[in-house]
Amino acid sequence: MDVSVFGTGYVGLIQAAALADVGHRVLCIDIDPNKIRQLQQAVPTISEPGLSGLLEDTIKAGRLSFSSQASDAVNHGELIFIAVGTPADEDGSADLSHVLGVTRQIADFMDSDRTLIIKSTVPVGTADKVAECARQVLDRRGLKKLAVRVVSNPEFLKEGSALADCMRPDRIIVGTADPLARDQMTELYAPFCRNHEKLMFMDNRSAELTKYAANAMLATRISFMNELANLTERLGADIEAVRKGIGSDPRIGYHFIYPGCGFGGSCFPKDLRALLHTAEQSGMPLRLLRSVTDVNDSQRHILFEKLAKQFPDGLAGKSIAIWGLAFKPNTDDMREAPSRYLMEALWREGARVQAYDPEAMSECRRLYGYRKDLNLCATRDDTLEDADALVICTEWKNFRVVDFDLLASKLRARIIIDGRNLYNPEHLAAAGLLYRGIGLRHTLPAQGPQA
Numbered sequence: 091m092d093v094s095v096f097g098t099g100y101v102g103l104i105q106a107a108a109l110a111d112v113g114h115r116v117l118c119i120d121i122d123p124n125k126i127r128q129l130q131q132a133v134p135t136i137s138e139p140g141l142s143g144l145l146e147d148t149i150k151a152g153r154l155s156f157s158s159q160a161s162d163a164v165n166h167g168e169l170i171f172i173a174v175g176t177p178a179d180e181d182g183s184a185d186l187s188h189v190l191g192v193t194r195q196i197a198d199f200m201d202s203d204r205t206l207i208i209k210s211t212v213p214v215g216t217a218d219k220v221a222e223c224a225r226q227v228l229d230r231r232g233l234k235k236l237a238v239r240v241v242s243n244p245e246f247l248k249e250g251s252a253l254a255d256c257m258r259p260d261r262i263i264v265g266t267a268d269p270l271a272r273d274q275m276t277e278l279y280a281p282f283c284r285n286h287e288k289l290m291f292m293d294n295r296s297a298e299l300t301k302y303a304a305n306a307m308l309a310t311r312i313s314f315m316n317e318l319a320n321l322t323e324r325l326g327a328d329i330e331a332v333r334k335g336i337g338s339d340p341r342i343g344y345h346f347i348y349p350g351c352g353f354g355g356s357c358f359p360k361d362l363r364a365l366l367h368t369a370e371q372s373g374m375p376l377r378l379l380r381s382v383t384d385v386n387d388s389q390r391h392i393l394f395e396k397l398a399k400q401f402p403d404g405l406a407g408k409s410i411a412i413w414g415l416a417f418k419p420n421t422d423d424m425r426e427a428p429s430r431y432l433m434e435a436l437w438r439e440g441a442r443v444q445a446y447d448p449e450a451m452s453e454c455r456r457l458y459g460y461r462k463d464l465n466l467c468a469t470r471d472d473t474l475e476d477a478d479a480l481v482i483c484t485e486w487k488n489f490r491v492v493d494f495d496l497l498a499s500k501l502r503a504r505i506i507i508d509g510r511n512l513y514n515p516e517h518l519a520a521a522g523l524l525y526r527g528i529g530l531r532h533t534l535p536a537q538g539p540q541a
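Position 47 (the sequence shown) corresponds to 137 in the working numbering; numbering is contiguous.
And the structure:
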């Protein structure tokens with residue numbers, strides 16, 4: 091099928107590459123000509139495992155192309171994806187200006203029926219707004235007979251494994267009441283349903299809400315475990331034992347019950363705020379989800395609080411090593427990452443940061459520029475030179491195996507604050523390190539910290 095995709099951000103580019111990989115002819119549109127030139131050379135504009143090779147293969151095969159002209163996309167695609175950003179306004183609501191702007195562009199160039207597929211994460215009722223917007227433009231052009239079918243098709247991608255999620259989806263949610271649109275979506279996604287049927291058809295509003303509901307549920311599990319972890323520290327229990335105990339219950343399972351230093355990224359925080367705003371506007375405040383966000387807002391500061399407790403004379407003049415800047419592994423995304431809250435708190439106290447991340451170094455430099463109290467190091471071990479303490483913010487695989495004796499010899503205060511519970515406290519205590527995780531039972535170091 092001939093498919094066009096408006097937006098080459100995370101969602102749009104991943105979806106386009108996956109569709110091209112299975113044989114569809116896909117044209118991507120973006121208003122940034124520099125980004126288009128880069129993508130035409132098969133150079134990814136986002137960090138995602140496997141994307142570079144997939145772009146190269148599909149471009150070479152002639153199934154994936156890029157343009158900055160909206161008219162090209164409308165002329166090319168019988169199906170047109172809208173995958174542009176929906177940033178949060180100050181009140182938490184989703185800004186639909188980009189979605190509706192693209193809709194107007196499509197309607198401006200249409201000369202035959204089209205099916206618009208909303209891939210962006212949007213509030214309930216957006217499909218109706220998109221249909222009305224397109225209809226107004228077509229009526230103004232005197233093309234009242236042209237049909238605009240609007241489909242809600244939310245994404246459920248996880249950064250760091252987005253290609254796998256797209257190629258082997260758990261489910262494909264499709265919101266539409268139009269029989270032809272349903273047939274088109276069935277044909278479009280047929281290559282992804284070879285083993286078993288994954289398409290789930292429903293009305294537009296239910297599809298739109300499903301996306302928010304999924305993220306809200308996952309965020310709730312995270313905040314629940316974080317709050318429980320904080321309680322276990324007060325009670326002298328161990329959250330790892332508790333996690334395994336409840337995770338073994340098949341009604342609960344092990345997914346998303348790992349305590350940590352708060353969730354970040356582009357989805358959970360923004361989508362929760364948007365859903366809370368929608369609920370409040372409808373006169374039905376979501377008290378549970380309000381608590382979920384409150385817990386997360388507090389948890390974002392826990393690494394700094396744990397670190398500050400170990401330096402009663404203050405952190406001014408201290409050098410703190412940080413492992414992990416991205417909000418999660420296998421991405422360079424630092425949006426609302428725990429590392430940002432930690433670094434900014436350290437700088438306010440007059441501390442110096444020595445940081446390393448396998449992917450997010452350039453993004454960190456873009457965000458914070460060149461400053462005297464930020465040293466971006468070439469390797470994880472380089473961050474330890476002349477450092478007083480180490481804080482772990484992201485659970486990258488190459489942080490899991492370390493030489494604890496080396497850490498003890500490098501860190502002046504022999505203090506490790508672990509926001510991801512990567513290590514066995516007893517092993518670090520044996521090396522003479524003071525180790526504080528999230529909800530873990532404290533173990534005193536064999537030699538005590540050298541503060």
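Idealized CB from N, CA, C, for every residue including glycine.
In angstroms, rounded to a whole number, what distance separates the CA positions of Val264 and Glu439?
Here residue 264 refers to the residue found at position 174 of the sequence shown. Here residue 439 refers to the residue found at position 349 of the sequence shown. Those two C-alpha atoms are separated by around 50 angstroms.
Please report the Cβ distance between Ser137 and Glu449, rounded to the nearest whole angstrom; I am assuming they are in contact, meaning their Cβ atoms lie under 8 angstroms.
Working through the sequence shown from its first residue, we reach residue 137 at position 47. Working through the sequence shown from its first residue, we reach residue 449 at position 359. Ser137 to Glu449, Cβ: 5 angstroms. Contact.
Where the alpha helix (DSSP H) through Leu190 begins and ends:
Position 100 of the sequence shown holds residue 190. Segment Ser187 to Phe199, the alpha helix (DSSP H) holding Leu190.
Where Pro419 and Gly250 are concerned, what is the direct C-alpha to C-alpha distance, given to the nearest angstrom?
One-based indexing of the sequence shown puts residue 419 at position 329. One-based indexing of the sequence shown puts residue 250 at position 160. C-alpha separation (whole angstroms): 7 angstroms.
When DSSP builds the beta bridges, which residues end up paired with Ile172?
One-based indexing of the sequence shown puts residue 172 at position 82. For Ile172, which the question treats as bridged, DSSP gives the partners Phe96 and Ile208.
Terminal residues of the continuous alpha helix (DSSP H) containing Asn550?
Lying outside 91 to 541, the shown extent of the chain, residue 550 is not represented and no answer is given.
Close-in-space but distant-in-sequence residues of the same chain around His505 (CB under 6 angstroms, 5 per side omitted):
Within the sequence shown, the letter at position 415 stands for residue 505. Just to set this straight, residue 505 is Ile in the shown sequence, not His. Within the same chain, Ile505 has close Cβ partners Gln400, Ala479, Leu524 and Pro539.
Please classify Asn294 as buried or exposed, where buried requires at least 16 other C-beta atoms within 10 Å of its C-beta.
Looking up residue 294 in the sequence shown gives position 204. Flag for Asn294 reads buried.
Unbroken stretches of the beta strand (DSSP E), 3 residues or longer, contained in the region 505-541
505-508 and 524-526
For Ser157, collect the residues of the same chain with a Cβ closer than 8 angstroms to its Cβ; drop the 5 residues on either side in sequence, then sort them by chain order.
Position 67 of the sequence shown holds residue 157. Take Ser157, set aside five residues on each side of it, and the residues of its chain with a beta-carbon closer than 8 angstroms to its own are Leu117, Cys118, Ile119, Ile126 and Ala163, in chain order.
How big is the Cα-Cα spacing for Leu129 and Ala173?
Translated into the one-based positions of the sequence shown, residue 129 becomes position 39. Translated into the one-based positions of the sequence shown, residue 173 becomes position 83. Within the model, the alpha-carbon separation for Leu129 versus Ala173 is close to 16 angstroms.
Exposed or buried, which one is Ile528 when buried takes at least 16 other CB atoms within 10 Å?
Position 438 of the sequence shown, counted from the start, is the residue given in the question as residue 528. Buried is the call here.
With respect to the alpha helix (DSSP H) encompassing Tyr348, which residues constitute its N-terminal and C-terminal limits?
Within the sequence shown, numbered from 1, the residue matching residue 348 stands at position 258. No alpha helix (DSSP H) contains Tyr348, which DSSP labels as neither H nor E.
Per DSSP, cross-strand counterpart(s) of Phe156
Sequence index remark: in the sequence shown, residue 156 carries index 66 (1-based). DSSP, once it has assigned bridges, lists Cys118 as partnering Phe156.
Between the C-alpha atoms of Ala267 and Ile104, what's the straight-line distance to the nearest angstrom?
For the purposes of this step, residue 267 is identified with residue 177 of the sequence shown, where counting begins at 1. For the purposes of this step, residue 104 is identified with residue 14 of the sequence shown, where counting begins at 1. One alpha carbon belongs to Ala267, the other to Ile104, and they sit about 26 angstroms apart.
Pair within 7 angstroms by beta-carbon distance, Ser313 and Val212:
Counted from its first residue, the sequence shown places residue 313 at position 223. Counted from its first residue, the sequence shown places residue 212 at position 122. Not in contact: Ser313 and Val212 (Cβ atoms no closer than 7 angstroms).
Determine the DSSP secondary structure at Gln131, reduced to helix, strand or coil.
Looking up residue 131 in the sequence shown gives position 41. Three-state result, Gln131: coil.
Cut-off 7 angstroms between Cβ atoms - residues of its own chain near Ala416, not counting five sequence neighbours on either side
Residue 416 sits at position 326 when you count from the first residue of the sequence shown. The beta carbon of Ala416 is closer than 7 angstroms to those of Asp422, Asp423, Met424, Ala427, Asp447, Glu449, Ala450 and Thr484 in its chain, skipping five residues each way along the sequence.
The alpha helix (DSSP H) enclosing Val227, as first and last residue numbers:
Walking along the sequence shown from the start, residue 227 turns up at place 137. Note, Val227: alpha helix (DSSP H), Thr216 to Arg230.
Every unbroken alpha helix (DSSP H) within the region 235-271, with a cutoff of 4 residues, ordered by chain:
252-257
Whose C-alpha, out of Val189, Cys256, Leu247 and Asp201, is nearest the C-alpha of Pro222?
Here residue 222 is taken as the residue at index 132 of the sequence shown, counted from 1. Just to set this straight, residue 222 is Glu in the shown sequence, not Pro. Checking every option, the nearest Cα to that of Glu222 belongs to Val189.
For Ala406, which of Trp413, Ile412 and Ala398 has the nearest alpha-carbon?
For the purposes of this step, residue 406 is identified with residue 316 of the sequence shown, where counting begins at 1. Ranking Trp413, Ile412 and Ala398 by Cα distance to Ala406 puts Ala398 first.
Limits of the unbroken beta strand (DSSP E) element including Arg438:
What you label residue 438 is simply residue 348 of the sequence shown in a count that begins at 1. No beta strand (DSSP E) contains Arg438, which is instead part of the alpha helix (DSSP H) from Pro428 to Arg438.
Buried or exposed by the 16-neighbour rule on C-beta atoms within 10 Å, applied to His517
Numbered from its first residue, the sequence shown carries residue 517 at position 427. It is exposed - the Cβ of His517 has fewer than 16 other Cβ atoms within 10 Å.
Of the residues Ser429, Ile208, Gln131 and Ile410, the one placed nearest Gly509, counting alpha carbons only
Locating residue 509 in the sequence shown gives position 419, where the first residue counts as 1. Comparing alpha carbon positions, the residue from Ser429, Ile208, Gln131 and Ile410 closest to Gly509 is Ser429.
With three or more beta-carbon pairs closer than 8 angstroms as the criterion, would you say the region 290-306 touches the region 354-365?
With the cut-off at 8 angstroms, the region 290-306 and the region 354-365 touch.
Any contact between the region 106-115 and the region 269-283? By contact I mean 3 or more CB pairs, one from each, below 8 angstroms.
yes
Does DSSP put Ala364 in a helix, in a strand, or in coil?
What you label residue 364 is simply residue 274 of the sequence shown in a count that begins at 1. It is helical.
With a threshold of 7 angstroms on Cβ separation, who are the neighbours of Pro134 within its own chain once the five nearest residues in sequence on each side are excluded?
Residue numbering aside, residue 134 sits at position 44 when the sequence shown is read from its first letter. Contacts found: Leu141, Ser142 and Leu145.
What is the rounded straight-line gap between the Cα of Leu321 and the Cα of Ala441?
To locate residue 321, count along the sequence shown from 1; it is residue 231. To locate residue 441, count along the sequence shown from 1; it is residue 351. Taking the straight line joining both Cα atoms gives about 29 angstroms.
Tell me the start and end of each unbroken beta strand (DSSP E) in the region 285-365 that is at least 3 residues and wholly inside, in chain order.
List check, beta strand (DSSP E) in window: 289-292.
Under a three-way DSSP split, which group does Gln105 fall into?
Here the question's residue 105 lines up with position 15 in the sequence shown. Note: Gln105 maps to helix in three-state DSSP.
Beta-carbon separation (whole angstroms), Asp218 vs His367, contact threshold 8 angstroms:
The residue given as residue 218 occupies position 128 in the sequence shown. The residue given as residue 367 occupies position 277 in the sequence shown. That pair is no contact at about 18 angstroms.
Would DSSP call Val481 helix, strand or coil?
Here the question's residue 481 lines up with position 391 in the sequence shown. Correct three-state label for Val481: strand.
Closer than 8 angstroms by C-beta to Leu270: which residues in its own chain qualify, once you throw out the five before and the five after it? Chain order, please.
Within the sequence shown, the letter at position 180 stands for residue 270. Excluding positions up to five away in sequence, the list reads Thr205 and Arg239.
Assign Pro402 to buried or exposed, taking buried as 16 or more other Cβ atoms, counted over all protein chains shown, within 10 Å of its Cβ.
Translated into the one-based positions of the sequence shown, residue 402 becomes position 312. That one is exposed.
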